[in-house]
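Quick note: to get our numbering, add 474 to the position in the sequence shown (first position is 1).
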Amino acid sequence: MEKHSLTRRGFLAGTAATGAIAALTLSGCGGGDQKKDEPKKDAPAEKTVADSITAAVAYTSTNCNPIGNSSALMLAATWHVFEGLYDLDLHNYKTYTALAAGEPVKVSDTEYEVSLRDGAKFSDGTDVTAADVVNAFEKNMADATYGAFLTFIETVTAKDDKTVTFALKYPFESLLKGRLSVVKVFPASLTEDQLKTMPIGSGPWKYESINGDDGGTIKFVPNDQYNGPMPATCAEMDWNVLLDGTARTTAITDGAVLAIESVPDANADQIANTGATVEYVPGFALPFLMFNTKKAPFDDVRVRQAIYYALDIEKLIANQMDGHAAPATSFLPEAYANYHRASTVYSHDPEKAKSLLAEANVADLSFELMVNNNWVKDLAAQIKEDLGAIGVTATINETKIDWAALAPSESILPYDVMLTPGDPSCFGNDPDLLMTWWYGDNIWTEGRSCWKGTPEWTQLQELLQQAREEADAAKQQEIWNQCFDLIADNIPIYPLFHRETSTGFQAEKLEDFAPISTTGLVFLGTTPLA
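In structure tokens:
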């Protein structure tokens, strides 16, 4: 895994120096004998490793099951406790070998073999076997969330104890390793209850205790069975779960933690004034509006478009994000390699918004705006004000989203429009994965947005499949561009802007640490210094 000195745009470039794995005590070395008359030079100061890595995280979750894991908190924890065959370096989105011994061996265009790392063990001391890998893949392929990422796989089988064979439905070479990294491996013997409460993996850390509620702590200790390239560097790691931004700010300014995620923009200077570093990394992270497309009038695309044209996104970014975001001009942010400016770009145009509502024969529109009770709640007041300027009344309902209530149903789901954040780039950043997350054949379209089954949804699935099977990169990009245009035209779910992800950290006390562009903190290979 590579370590990086990040700039605001540098994370996408993928250029970096390889960092050394830190030992428990680090010191400089001199070379050669000194002459008697040569003045002695002071030796470099010895670096002493601290007992623990401490952090404050910004999201809550109580389900640590690695199968279909999609919570910001537990997914970040999963990166430290589990391994895939290949894992994703979230600093540059390159894959690296984890449980795999090397690159996939190509048997044919639709068959690959992957051998396991010699001596790999789970934290309970049992060997990692091909059967464990097969089990993990089969369970994730059947999962409603991750299954949509793995539809290219026909079968996964154990050739022997140390070799896994993948039979594919169609060639998928360019995206293969990145997509295999989605699945994290665990002992096949674990029960469902063990997976949800205290699962074990083969990564450098293991759970000691898990309380993912607000105010709780997740405690990690080293996995002494780990034989990979990034062993734990200290005696323990503690993540304090602090949903409130002020509480996270206090935690780092008072020295209680070494790093926090999601720095409140209003507190960035306060944190920097204590000597900590605040860094912003541009990425895919975004707030979005999601419409109940089965419920009138939001089943009419003109009404959905009118709401977007009513919003002053530039003002929203300036006032609520302190400028650390860019208006969405496509589903992807402009810095992404596969970016394509969409055929429809939603600038602030109240008159166009009014015109679209008139075309849809909608007057005196009033609806409830369900707002997730995290950082996006600060956007709601201006959104309400902008909608009021075109004669639309939005009543704000700030709440912790009950996602179970938005499961697929024969009845109309109990919401109108939702404001909530999301960032599937924690799984990877290829266009197919990102579009499949919100618009594929899964919970987001079967329930939630209820967009599945519309002619436009069907057309998008056909285009996505064409792109998956297209071997020519230029032609594949052309198909993806059609997808971006179709999504921007229909906006069942669509970004308001792409934000820069903020991280606060004590740079002098965290060696080989760098922020990432998505939610979460990565301490793989990081050493805390006393």
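Quick reminder that beta carbons are idealized off the backbone N, C-alpha and C, glycines included.
**OP:** Would you kindly check if the distance between the Cβ of M704 and the Cβ of D739 is under 9 angstroms?
**Re:** The count along the sequence shown starts at 1 and reaches residue 739 at position 265. The count along the sequence shown starts at 1 and reaches residue 704 at position 230. No, Cβ-Cβ distance for D739 and M704 is not below 9 angstroms.
Subject >> Own chain, CB closer than 7 angstroms to V581, minus 5 neighbours either side, in chain order >> reply: Within the sequence shown, numbered from 1, the residue matching residue 581 stands at position 107. Taken in chain order, the residues that qualify are E587.
Subject >> Distance, E920 Cα to D786 Cα >> reply: One-based indexing of the sequence shown puts residue 786 at position 312. One-based indexing of the sequence shown puts residue 920 at position 446. Whole-angstrom Cα-Cα distance: 31 angstroms.
Subject >> Backbone secondary structure at N793 - three-state DSSP >> reply: Position 319 of the sequence shown holds residue 793. Looking at N793 - three-state DSSP - the assignment turns out to be helix.
Original post:
Cα separation between A721 and F626?
Top reply: Stepping through the sequence shown from its first residue, residue 721 is reached at position 247. Stepping through the sequence shown from its first residue, residue 626 is reached at position 152. C-alpha separation (whole angstroms): 44 angstroms.
Original post:
What is the DSSP secondary structure of T919, reduced to helix, strand or coil?
Top reply: The count along the sequence shown starts at 1 and reaches residue 919 at position 445. Helix, per DSSP.
Original post:
Where does K826 fall in DSSP's three states?
Top reply: For this step, residue 826 is matched to residue 352 along the sequence shown. Looking at K826 - three-state DSSP - the assignment turns out to be helix.
**OP:** Starting from the Cα of K651, find the closest Cα among F971, F901, Q935, P929 and give me that residue.
**Re:** Counting from 1 along the sequence shown, the entry for residue 651 is found at position 177. Nearest C-alpha to K651: F901.
**OP:** Compute the Euclidean distance between the alpha carbons of W553 and E825, then round it to the nearest angstrom.
**Re:** Translated into the one-based positions of the sequence shown, residue 553 becomes position 79. Translated into the one-based positions of the sequence shown, residue 825 becomes position 351. Their backbone Cα atoms lie some 47 angstroms apart in a straight line.
Subject >> Nearest residue (CA-CA) to V630, options A641, T600, D897 >> reply: Position 156 of the sequence shown, counted from the start, is the residue given in the question as residue 630. Measuring from the Cα of V630, the nearest candidate turns out to be A641.
**OP:** Give me the Cα-Cα distance between F841 and L649, rounded to the nearest whole angstrom.
**Re:** The residue given as residue 841 occupies position 367 in the sequence shown. The residue given as residue 649 occupies position 175 in the sequence shown. One C-alpha to the other measures close to 42 angstroms.
**OP:** Check L732 in the structure and name its three-state DSSP category.
**Re:** Residue mapping note: residue 732 aligns to position 258 of the sequence shown, counting from 1. In the three-state scheme derived from DSSP, where H, G and I count as helix and E and B as strand, L732 is classed as coil.
Subject >> Meets three-Cβ-pair contact criterion under 8 angstroms: the region 591-605 and the region 691-701 >> reply: yes
**OP:** Specify the secondary structure class of D986 as computed by DSSP and reduced to three states.
**Re:** Start at 1 with the first residue of the sequence shown, and residue 986 comes out as number 512. In this structure, D986 counts as coil in the three-state DSSP scheme.
Subject >> Close-in-space but distant-in-sequence residues of the same chain around L624 (CB under 6 angstroms, 5 per side omitted) >> reply: Indexing the sequence shown from 1 puts residue 624 at position 150. Correct list, in chain order: M615.
Subject >> Residue nearest to N526 in terms of C-alpha spacing, selected from L861, E985, P989 >> reply: Translated into the one-based positions of the sequence shown, residue 526 becomes position 52. The question names Asn, but residue 526 in the sequence shown is Ser. Considering only alpha carbons, the answer is E985.
Subject >> Span separating the alpha-carbon of I886 from that of L763 >> reply: As a first step, residue 886 is located in the sequence shown; it is residue number 412 there, counting from the start. As a first step, residue 763 is located in the sequence shown; it is residue number 289 there, counting from the start. Computed Cα separation, rounded: 18 angstroms.
Original post:
Mapping DSSP to helix, strand and coil, what is K595?
Top reply: Residue mapping note: residue 595 aligns to position 121 of the sequence shown, counting from 1. Strand.
**OP:** Pull up the distance between the alpha-carbon of E944 and that of E628, whole angstroms please.
**Re:** By one-based count along the sequence shown, residue 944 stands at place 470. By one-based count along the sequence shown, residue 628 stands at place 154. C-alpha separation (whole angstroms): 18 angstroms.
Subject >> Option nearest T603 by Cα separation, candidates R973, T707, V659 >> reply: Within the sequence shown, residue 603 is the residue found at index 129, counting from 1. Proximity to T603 across R973, T707, V659 peaks at V659, based on C-alpha coordinates.
Subject >> Where M711 falls: helix, strand or coil (DSSP) >> reply: The residue you call residue 711 lines up with position 237 of the sequence shown. Reduced to three states, the DSSP call for M711 is strand.
**OP:** Go ahead and label T992 buried or exposed: buried means 16 or more other beta carbons lie within 10 angstroms of its beta carbon, across all protein chains shown.
**Re:** Here residue 992 corresponds to residue number 518 of the sequence shown, with the count starting at 1. Buried.
**OP:** To the nearest angstrom, report how far apart E735 and T1000 are at their CA atoms.
**Re:** As a first step, residue 735 is located in the sequence shown; it is residue number 261 there, counting from the start. As a first step, residue 1000 is located in the sequence shown; it is residue number 526 there, counting from the start. Using only the alpha carbons, I get a separation of about 16 angstroms.
Subject >> Span separating the alpha-carbon of V996 from that of W877 >> reply: Here residue 996 refers to the residue found at position 522 of the sequence shown. Here residue 877 refers to the residue found at position 403 of the sequence shown. Going by the C-alpha atoms only, they are around 27 angstroms apart.
Original post:
DSSP three-state call for R815: helix, strand or coil?
Top reply: Walking along the sequence shown from the start, residue 815 turns up at place 341. Looking at R815 - three-state DSSP - the assignment turns out to be coil, as it is neither helix nor strand.
Original post:
How close, in whole Å, do the beta carbons of G1053 and T975 come, if the pair is a contact with beta carbons under 8 angstroms?
Top reply: The displayed coordinates of the chain run from 475 to 1004. Any statement about residue 1053 would go beyond what the structure contains.
Subject >> E587, enclosing alpha helix (DSSP H) - first and last residue >> reply: Here the question's residue 587 lines up with position 113 in the sequence shown. First-last for E587: 585-589, but that is the beta strand (DSSP E), not the alpha helix (DSSP H).
Original post:
Is the distance from the Cβ of A574 to the Cβ of L590 below 9 angstroms?
Top reply: For this step, residue 574 is matched to residue 100 along the sequence shown. For this step, residue 590 is matched to residue 116 along the sequence shown. Cβ atoms of A574 and L590: closer than 9 angstroms.
Original post:
Going along the chain, which unbroken runs of the alpha helix (DSSP H) with 4 or more residues stay wholly within the region 646-700?
Top reply: Secondary structure remark: continuous alpha helix (DSSP H) runs of at least 4 residues inside the region 646-700, in chain order: 650-654, 666-671.
**OP:** Would you mind giving the Cβ-Cβ distance between L806 and P905, rounded to the nearest angstrom? I have them listed as a contact below 8 angstroms.
**Re:** To locate residue 806, count along the sequence shown from 1; it is residue 332. To locate residue 905, count along the sequence shown from 1; it is residue 431. Yes, L806 and P905 are in contact; Cβ-Cβ is about 7 angstroms, under 8 angstroms.
Original post:
Is DSSP giving M892 helix, strand or coil here?
Top reply: Stepping through the sequence shown from its first residue, residue 892 is reached at position 418. Looking at M892 - three-state DSSP - the assignment turns out to be strand.
Original post:
How long is the line joining the alpha carbons of V682 and L717, rounded to whole angstroms?
Top reply: The residue given as residue 682 occupies position 208 in the sequence shown. The residue given as residue 717 occupies position 243 in the sequence shown. Here residue 682 is Glu; the residue named in the question, Val, does not match the sequence. Rounded to whole angstroms, E682 to L717 spans 22 angstroms at the Cα level.
**OP:** Look at the Cβ atom of A981, then the Cβ atom of A524, and state whether they are nearer than 9 angstroms.
**Re:** As a working mapping, residue 981 is identified with position 507 in the sequence shown. As a working mapping, residue 524 is identified with position 50 in the sequence shown. Cβ atoms of A981 and A524: not closer than 9 angstroms.
**OP:** Pick out whichever of E859, K828, N566 has its Cα sitting closest to the Cα of V755.
**Re:** The residue given as residue 755 occupies position 281 in the sequence shown. Residue N566 is the option with its Cα nearest to V755.
**OP:** State the DSSP-derived secondary structure class of T993, mapped to helix, strand or coil.
**Re:** Counting from 1 along the sequence shown, the entry for residue 993 is found at position 519. It is coil, neither helix nor strand.
Original post:
So, using beta-carbon positions, are I857 and L839 closer together than 9 angstroms?
Top reply: Taking the sequence shown and counting its residues from 1, one reaches residue 857 at position 383. Taking the sequence shown and counting its residues from 1, one reaches residue 839 at position 365. No.
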